[in-house]
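Following: one structure in structure tokens, then a few remarks.
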Amino acid sequence: MILTQRLGRGLLAGASAFALALLPIGLSPTTAAAAPAAAPAGDGSGPAPADLSTTRAFSDTFRLDPALDTDPLYGLNVGLDARQSPPAGQHGISYSRVSGRWDTSVAPDQWFVQTSHPNHPNKLLFAKGVSAVMLGAPAVADGTGHYTVSTVIDPVVGDTAVGDWGSMVLSRSHRSNGYVTGSDVDLGLTVTSGGRLALFHGGSGETPFWTGTVAPTAQYAVSLTVSTGADRAVTLRVNGTPFTVSAPAGVTRWPGSEFLYLGAYLSSPDRVTTFGDGDGHGLNVSNVDTGTTRSAKPLVDTFDGAPNATADFGLNQDLSARQPSLISVNYTAASGVKGLALDPPAGSVQVNSPANPNVLSFPKGTSAVRLNKPATSDVPTGAYTVHAVLTPLVGSTSGQDWASLAVGNASGGTGAVDAEDIALGLRVQADGGLALFQGGAPTALAAVPPAGSYEVSLALATGDRQQATVKVNGATVFSGRTAAKLPRDGYVSLGAHHSAAGQVTTVDDLRVSMLGGLGYYGFFDIRDPDRPNYGANHAPEVARWTNVNTYLRGQDRRLEFLDQCLPASCVIDLNQETVVPRSSDDWQVNPNPNAAQNLLDLVQRIGPNIDKIAAVDLTDEAYSHGLSPAQVQTQAEQIRAAFPDKMLIMSLDHWNAEQTAPVPSIVDIVGFDHYCVGRSEIQWRLANLKTFLSSPDQHLMLFPESTNEQDIADGCYSGKTDADIAAYNAEYRAIATQDPRVVYLQNFRWLGPDQPDKVPLTVAAQKSIGEAVVNASPTPAPASAGVYRSSDGSFGEAAHNGWYTGQTVFGGGGNAVPLTGHWSGPGTDTIGVYHPDTATFQLSNDNATVAATFPFGVPGDVPLVGDWSGQGRTTVGVYRPGDQTFYLSDDNSSVKYRIKLGNAGWKPLVGDWDGNGTTTVAVYDPQTLIFYLNDSNQTENPRPGVRFGNPGDIPIKGDWDGTGKETIGVYRPGDQTFYGAAENSNLVIYSKKFGNPGDVPLVGNWG
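Numbering-wise (my numbering), the sequence shown opens with residue 651 and increments by one.
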């Protein structure tokens, strides 16, 4: 839940290393001082935390010259600065046209909603049928926990009897249709022409949870005040008559951040609805958060309204709704303790629990959560900011129990603030005591006054600067160079520690200035004024599974499509302003000599709709079009001057991606296209492109194919099938999973509503990927490396990105064989050992104590573990070299499956080769270096063999790229490197060095 407060705005980081050592660091409490120190720790050189939250009162008078209510904009987003009088340096807040319907997300024609129609001046008009608009910044609660929306509604102009209505809808989601009974509606109000009032919540059908009436009149002055406190009250005032309504039973608290939709339901085409009284009282909102939607970069999580009665206690529920920013992220619950990765007890991390609504809470002792995408620095600043409001001990301002906010190097850390992988972490005690951690080493900071809740901002400047600033409740407590190297891509964790049962820590209002990893998904050329779209806007057809689409404008000067864009969601090309063809129909272009002025003129025409723009394109494949590096540099500078706060995108053709084509350092996202060539070619060119980027903070994008239609994507319409292109799309997603610098997949192209019929498999693949990106749906975690050191019986683990995360001793060393698996059900893998002399397994559920000891097999067998029948947990098995037979158990006692595979001298391995949740057998021939995978535990029918690795390598397997399928790999003892291959291929897609000579390799799911 967001209450009005100053927040931090962020930037980026990156570094990597590994180690295998245990550095014990104490977590001794800090004694709080009575007041903050006069000067912060450090040399004062740290970056200023970016301001991620700007809130203000909102008012739109709807005053507009009726002459401006013309095609194509019909006044909706015209003259907003004059109508709204925003603070100096800020724009008016625009509206987005949405359907307002229950059955489609396609907005109606532009003229359905108009401002200052000649017959209804200075009012917002809804004409003909059903429609709605969304205000482009969410309403947010003030310091008292309230917000108010007010307007004047005339449900049916000239009538005071019929049942048609005007509506005000509040939804956490910026992707709602704006219809009052929609499932994503938190609070919907209808006012009929006859004075009937109704309040709706959350998809309860046509049945309201409250109804009332007022005397029929020509128009209704409506004020709606929402309390986000424990009273759960809604105060409705209509024409001076007050109504106080309690929330329905399913609402623990009203959300503190809500998007506002205005709409109308008209049953006759000759009726109109208006908002505003025509004399300056248009629409007023007591407080709006303009920082959430002003850019495509930030992440905001309010933790509001998520369903808590779920297996994960709300942690990853309703992410795209409770996160009002364009991008979303999911989380992993972690132990919060140094050592090997371990799942915390169920319920240790919760979102929107009944006892602690609209916040992230830690009610069960020490635990943590980790964001599954990294904070990342951006090009303009080379830095990032992470912000959160921490309440170390709910209901107390004393004691040394604490909350933590940390940024680490490891993609799969435990969230322990004192862990070695943490580059910068702050521990805040309930009494205001502070400690800063860098690489596991603590530094005491001057305490701040006890306050219950603490607003914390960490600003990290990466690269050559290596500086940080830490602020707590407005006071700078550290500013300067850091002892630990700050990562350009830093993984954020939040944690808690309690000294007694029943204590609770909460976190609210998490904000990150920019995230790495795949966060943007959409289509190039979603609207093309030329062939094949001829001006049709196809964005609504893919609206539910895209968040950033590119609009080509050609010579069409109309900008009406921006009215339908959500905030910070559209990319536009600027060719008509910046270049001119060398001759008619010539592929080659020259710079437009009037480019700078043209761009400024375009910005003026865009007006307040500027907040709809996420990014702007430089000339597509500029070098192929004949522009020189100097001309491209000039173009980039001109665009940056005109669009200073928008991301700049540059796309190269594949040939220039193979060369060292200059990329201006002010470009934010760089990519290339090369269609239907497969993962190896794309992966190689991507790696090559990264070698000549001009800024280490530049991010990357790729262009998956969308169709095999003739003359659309070169290389795809000659012998490529729908299935081929669908498979290519999966490969692009897998590449992005491996590299947090890849932030955008821009599919080439969407040609119309019949595309699902032409290439159904491709569209299904794109829809699946897009929904996962837009909704931040949890996807399979990629495998991570580890080692076992027989000399001391120690297990060491690294995150997927290679950073050391923890170590423990278990099993006694010697000739014990290390094992990993999820022995008691789905979740993080824990350890075990097999003692070959006695054919005995020992398994641990906590990486410390033995949970089960039992014999299986006979001495000389090779131990195996897997989920042989898809039970959701790992059980044991063995491979008997003497008869080349696998013996697999579902209960760690009896043999469930017996299958012979391979020849004498071959090595066994097992894996979920087809991603169906069942582990099956395989063998490796060390003489030929060929792997043979079998998709059954009952029938011998191996796939064609794949040769991979070098002599002396040890065969391994893992889900290297988070596809849900395990593939082959090898561990090379000579250089302690893990190599993972693509499915049915010898293409290396994963390579990480970890451990010391003599270590035994491990692969598992621990981050």
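Virtual Cβ for every residue (Gly too), placed ideally from N, Cα, C.
- The continuous alpha helix (DSSP H) containing His1304 extends over residues 1304 to 1308.
- If one requires a minimum length of 4 residues, the alpha helix (DSSP H) runs lying completely within the segment 1171 to 1214 are 1211 to 1214, in chain order.
- When DSSP states are grouped into helix, strand and coil, Ile1263 belongs to the strand group.
- The criterion of a C-beta distance shorter than 8 angstroms is not satisfied by Gln1117 and Gln1079.
- Scanning its chain for C-beta atoms nearer than 7 angstroms, with the 5 sequence neighbours on each side dropped, one finds around Ser1301 the residues Asp1270, Glu1271, Gly1321, Phe1322, Asp1323, in chain order.
- Relative to Ser945, the option among Arg1194, Pro919, Ile1263, Pro1505 whose CA is nearest is Ile1263.
- Taking every protein chain shown into account, the CB of Glu1331 has fewer than 16 other CB atoms within 10 angstroms, so this residue is exposed.
- Take Leu723, set aside five residues on each side of it, and the residues of its chain with a beta-carbon closer than 8 angstroms to its own are Gln760, Leu1209, Glu1210, Asp1213, in chain order.
- At a Cβ-Cβ threshold of 8 angstroms, Asp951 and Ser907 do not count as neighbours.
- Shortest Cα-Cα distance from Ser766 to any of Ser800, Val756, Ser746, Asn727 involves Asn727.
- With fewer than 16 neighbouring CB atoms inside 10 Å of its own CB, Val1508 falls in the exposed class.
- For the pair Gln1388 and Gly1645, the Cα-to-Cα distance works out to about 21 angstroms.
- The count of Cβ pairs closer than 8 angstroms, one atom from the segment 816 to 831 and one from the segment 905 to 925, reaches three, so the stretches are in contact.
- Here the alpha carbon of Gln967 sits roughly 25 angstroms from the alpha carbon of Val1392.
- Boundaries of the alpha helix (DSSP H) harbouring Ala1280: 1279 to 1292, taken from the DSSP string.
- Rounded to whole angstroms, the Cβ separation of Asp710 and Gly932 is 5 angstroms, and the two are in contact under 8 angstroms.
- A direct Cα-Cα distance of roughly 10 angstroms separates Arg1523 from Asp1479.
- Of the residues Gln1588, Gly1082, Asp1081, Leu1076, the one whose Cα lies closest to the Cα of Gly1089 is Leu1076.
- Within the same chain, Tyr797, Glu908, Leu910, Val935, Val938 come within 6 angstroms of Ala789 by CB-CB distance, once the 5 residues on both sides are set aside.
- Residue environment: Lys1643 is assigned as exposed (fewer than 16 neighbouring CB atoms within 10 Å of its CB, all protein chains considered).
- Between Tyr981 and Leu1021, the C-beta gap is smaller than 8 angstroms, which places the two residues in contact.
- Annotation for Asn1306: Glu1271, Tyr1273, Ser1274, Phe1322 place their beta carbon closer than 8 angstroms to its own, counting only its chain and skipping 5 residues before and after.
- It is roughly 24 angstroms from the alpha-carbon of Ala689 to the alpha-carbon of Lys1135.
- Excluding the 5 residues flanking it on each side, Val830 has same chain C-beta neighbours closer than 7 angstroms at Ser817, Val819, Gly838, Thr840, Phe850, in chain order.
- Using a Cβ-Cβ distance cut-off of 8 angstroms, the segment 773 to 793 and the segment 1224 to 1235 are not in contact, since fewer than three pairs of beta carbons, one from each stretch, lie closer than that value.
- By the Cβ test, the segment 1241 to 1248 is not in contact with the segment 1184 to 1199, since fewer than three Cβ pairs between them sit closer than 8 angstroms.
- Here Pro771 carries a strand assignment [DSSP, helix/strand/coil].
- DSSP, reduced to helix, strand and coil, places Pro1406 within a helical segment of the structure shown.
- In the three-state DSSP reduction, Thr1455 falls in the strand class (E or B).
- Taking C-beta atoms as the reference points, Ala1109 and Gly696 count as a pair closer than 8 angstroms.
- Under the three-state reduction of DSSP output, Pro1231 falls in the strand class.
- Residue pairing from DSSP places Arg1020 in a beta bridge opposite Thr982, Ser1143.
- In this structure, the CA atom of Leu1074 is about 14 angstroms from the CA atom of Ala1053.
- Non-local C-beta neighbours of Asn1566 in its own chain, meaning closer than 8 angstroms and more than five positions away in sequence, comprise Gly1520, ordered along the chain.
- Relative to Gly1130, the option among Gly1124, Pro1137, Val1120, Asp1139 whose CA is nearest is Val1120.
- Ranked by how close their Cα comes to the Cα of Glu1359, the residues Leu1538, Thr1412, Leu1395, Ser1344 have Thr1412 in first place.
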